[in-house]
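A.B. asks: First, the structure itself, so that you have it in front of you.
Residue numbers (our numbering): 190 to 603.
If you want it as structure tokens, here you go:
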């Protein structure tokens, strides 16, 4: 029987990514529906503006840090260089998988390291996952972000380097703001790593170690944001951060708020004002329950127990309650799933069926939404009032139940 090693799984994952990339070139050239993500076109256009001495925000719908456009400047050199960004994203995707392998190798359960077979099986959730591979080879930049986040955890847990970890977390927050929800968790995780300044309740969580981490993270965020603001001014702040507070995105959106925001976007200012303060500002206030759960309650419950599993549940909750959800967002929590399952009872024979039910429910609820989205986008059939509305609620309720399963599991209540 063929025995796979860790080296084999890395080589295999690289070959699969190359295969997906080559198929994408073929599909883009010969098929009506293109393989390349529209976001990659936006990134490339923004890079072209930078290359010619303009702001990346001259490209409408570019809502990212200028760093991304700077990284993709070689896209403008013509020929195969137009795929330079995809090469970066695929390499980042692979590096993320390698860091996952290293973090798994450091796990001990009852004093025993994970077996090589278990490490390979768990890391395959990322390295051999067709969803992950498709997203990076189509030209989504999420894998650049996942490398930053995983490097932060790798330096924190494996290397015990507070400054390096804080730098990478700060850079990830600059790159895309949502990783800021991990800051409370890491601060709580580090609360046991040093002598508290004052030994009184709550304040005793603050010590030299987590203050050092916090300062490093904030300095990194401030430095990168300061540089970008000095070059691009308010348009950098608005497009990279402020826009996302008021964002309304009614297409390709799994969120339960999808249909409500779609109809709200069609209202006149007068009609919108008649909705009342909270309903009229729905896109702002939906963040309150989302952040309360993901950035406050869950870290307080689980961060000191198992940091990466806590971050996994945080991210799953953040995505579930977000006002915009696309397939790329699933990548945000999938990077932590191998670590979570390594110590989860859902991976045991006794509770595996519950885990399988959760997985099937997650897939089926997505499939139902995609069915109606396909009818809307490709067949021109209006499905907002019926299919998309109900399938969005189905997806939301399914995710809430799955989240409760994860919480019970981590809380030893299965």
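No residue lacks a Cβ here, since even glycine has one placed at the ideal position from N, Cα and C.
Give me the DSSP bridge partner(s) of residue 385.
C.D. replies: Paired residue(s): 396.
A.B. asks: Give me the Cα-Cα distance between residue 483 and residue 288, rounded to the nearest whole angstrom.
C.D. replies: Going by the C-alpha atoms only, they are around 24 Å apart.
A.B. asks: Cα separation between residue 312 and residue 242?
C.D. replies: Cα to Cα, residue 312 sits roughly 42 Å from residue 242.
A.B. asks: Where does residue 244 fall in DSSP's three states?
C.D. replies: Looking at residue 244 - three-state DSSP - the assignment turns out to be coil, as it is neither helix nor strand.
A.B. asks: Rounded C-beta distance between residue 393 and residue 387? I'm assuming under 8 Å.
C.D. replies: Indeed, because the Cβ distance is near 7 Å, the residues count as touching under 8 Å.
A.B. asks: Touching or not, the segment 563 to 583 and the segment 337 to 347, by the rule of three or more beta carbon pairs under 8 Å?
C.D. replies: No: the two stretches stay apart, fewer than three of their Cβ pairs being nearer than 8 Å.
A.B. asks: Give the range of the alpha helix (DSSP H) segment to which residue 285 is assigned.
C.D. replies: 273 to 294 is the extent of the alpha helix (DSSP H) around residue 285.
A.B. asks: Using DSSP with H/G/I as helix, E/B as strand and the rest coil, what is residue 512?
C.D. replies: In this structure, residue 512 counts as coil in the three-state DSSP scheme.
A.B. asks: Count the other C-beta atoms from every protein chain shown that fall within 10 angstroms of the C-beta of residue 423, then say buried if there are 16 or more, exposed otherwise.
C.D. replies: Exposed, because fewer than 16 other Cβ atoms sit within 10 Å of the Cβ of residue 423.
A.B. asks: Name, in chain order, the residues that DSSP records as bridge partners for residue 534.
C.D. replies: Bridge partners of residue 534: none, in fact.
A.B. asks: Whose C-beta lies closer than 7 Å to the C-beta of residue 190 among residues of the same chain, with five residues either side of it excluded?
C.D. replies: Residue placement at residue 190 is flagged as unreliable, the pLDDT there being 49, under the threshold of 50; a coordinate-derived value is accordingly withheld.
A.B. asks: Could you spell out where the alpha helix (DSSP H) holding residue 348 opens and where it closes?
C.D. replies: That residue, residue 348, is in no alpha helix (DSSP H); it is neither H nor E in DSSP.
A.B. asks: If you reduce the DSSP assignment to three classes, tell me which class residue 297 lands in.
C.D. replies: If DSSP states are grouped into helix, strand and coil, residue 297 belongs with the strands.
A.B. asks: Quick one: what does DSSP say residue 609 is sitting in, helix, strand or coil?
C.D. replies: What is shown of the chain runs 190 to 603, which leaves residue 609 out entirely.
A.B. asks: Counting pairs of beta carbons, one from the segment 227 to 235 and one from the segment 244 to 256, are three or more of them closer than 8 Å?
C.D. replies: With the cut-off at 8 Å, the segment 227 to 235 and the segment 244 to 256 touch.
A.B. asks: Please name the residue in 223, 207, 565 and 558 whose C-alpha comes closest to that of residue 143.
C.D. replies: With the chain covering only 190 through 603, there is no way to say anything about residue 143.
A.B. asks: Taking the alpha-carbon positions, what's the residue 261 to residue 231 distance?
C.D. replies: Going by the C-alpha atoms only, they are around 11 Å apart.
A.B. asks: Could you check how far apart the C-beta atoms of residue 143 and residue 383 are, in whole angstroms? I think they sit under 8 Å.
C.D. replies: The structure shown does not extend to residue 143, since the chain spans only 190 to 603, so no value can be given for it.
A.B. asks: Would you report the Cα separation of residue 368 and residue 379, rounded to the nearest angstrom?
C.D. replies: For residue 368 and residue 379, the distance between alpha carbons rounds to 17 Å.
A.B. asks: For the alpha helix (DSSP H) that residue 321 lies in, which residues bound it at each end?
C.D. replies: Residue 321 -> alpha helix (DSSP H) spans 319 to 326.
A.B. asks: In terms of DSSP beta bridges, what is residue 302 paired with?
C.D. replies: Looking at the DSSP assignment, residue 302 forms a beta bridge with 297.
A.B. asks: Hey, how far is the Cα of residue 517 from the Cα of residue 364?
C.D. replies: Rounded to the nearest angstrom, the two C-alpha atoms are 15 Å apart.
A.B. asks: Assuming residue 205 and residue 308 form a contact by the criterion Cβ under 8 Å, report the distance between their Cβ atoms to the nearest whole angstrom.
C.D. replies: At roughly 19 Å, the Cβ-Cβ gap does not stay under 8 Å, so residue 205 and residue 308 are not in contact.
A.B. asks: I'd like to check one pair, residue 525 with residue 504: are the Cβ atoms closer than 8 Å?
C.D. replies: Going by C-beta atoms, residue 504 is nearer than 8 Å to residue 525.
A.B. asks: Helix or strand or just coil, what does DSSP make of residue 206?
C.D. replies: The answer is helix: DSSP assigns residue 206 an H, G or I state.
A.B. asks: If you follow the alpha helix (DSSP H) that residue 552 is part of, which residue opens it and which one closes it?
C.D. replies: Taken as a continuous stretch (DSSP letters only), the alpha helix (DSSP H) holding residue 552 covers 541 to 568.
A.B. asks: So, for residue 493: in the same chain, excluding its five sequence neighbours on each side, which residues have a beta-carbon less than 8 Å away from its beta-carbon?
C.D. replies: Closer than 8 Å at Cβ, skipping near neighbours: 377, 378, 380 and 381.
A.B. asks: What's the call for residue 342, buried or exposed, on a 16-neighbour Cβ count within 10 Å?
C.D. replies: Burial call: buried.
A.B. asks: Counting only the same chain and skipping the five closest in sequence on each side, list residues whose C-beta sits under 6 Å from that of residue 302.
C.D. replies: Here the set comprises nothing.
A.B. asks: Out of 566, 534 and 216, point me to the one whose CA is closest to residue 594's CA.
C.D. replies: The option with the nearest alpha carbon to residue 594 is 534.
A.B. asks: Would you kindly check if the distance between the Cβ of residue 577 and the Cβ of residue 447 is under 8 Å?
C.D. replies: Taking 8 Å as the Cβ cut-off, residue 447 and residue 577 qualify as a contacting pair.
A.B. asks: Measure the alpha-carbon distance for residue 258 versus residue 192 and round it to whole angstroms.
C.D. replies: Cα to Cα, the separation comes out at about 42 Å.
A.B. asks: Do you know how far the Cα of residue 300 is from the Cα of residue 561?
C.D. replies: Approximately 49 Å between the Cα atoms of the pair.
A.B. asks: Please state whether DSSP places residue 249 in a helix, a strand or coil.
C.D. replies: Of the three classes helix, strand and coil, the one that applies to residue 249 here is coil, per DSSP.
A.B. asks: Does the segment 313 to 333 touch the segment 194 to 213, meaning 3 or more C-beta pairs lie closer than 8 Å?
C.D. replies: Flag = yes, the segment 194 to 213 and the segment 313 to 333 touch.
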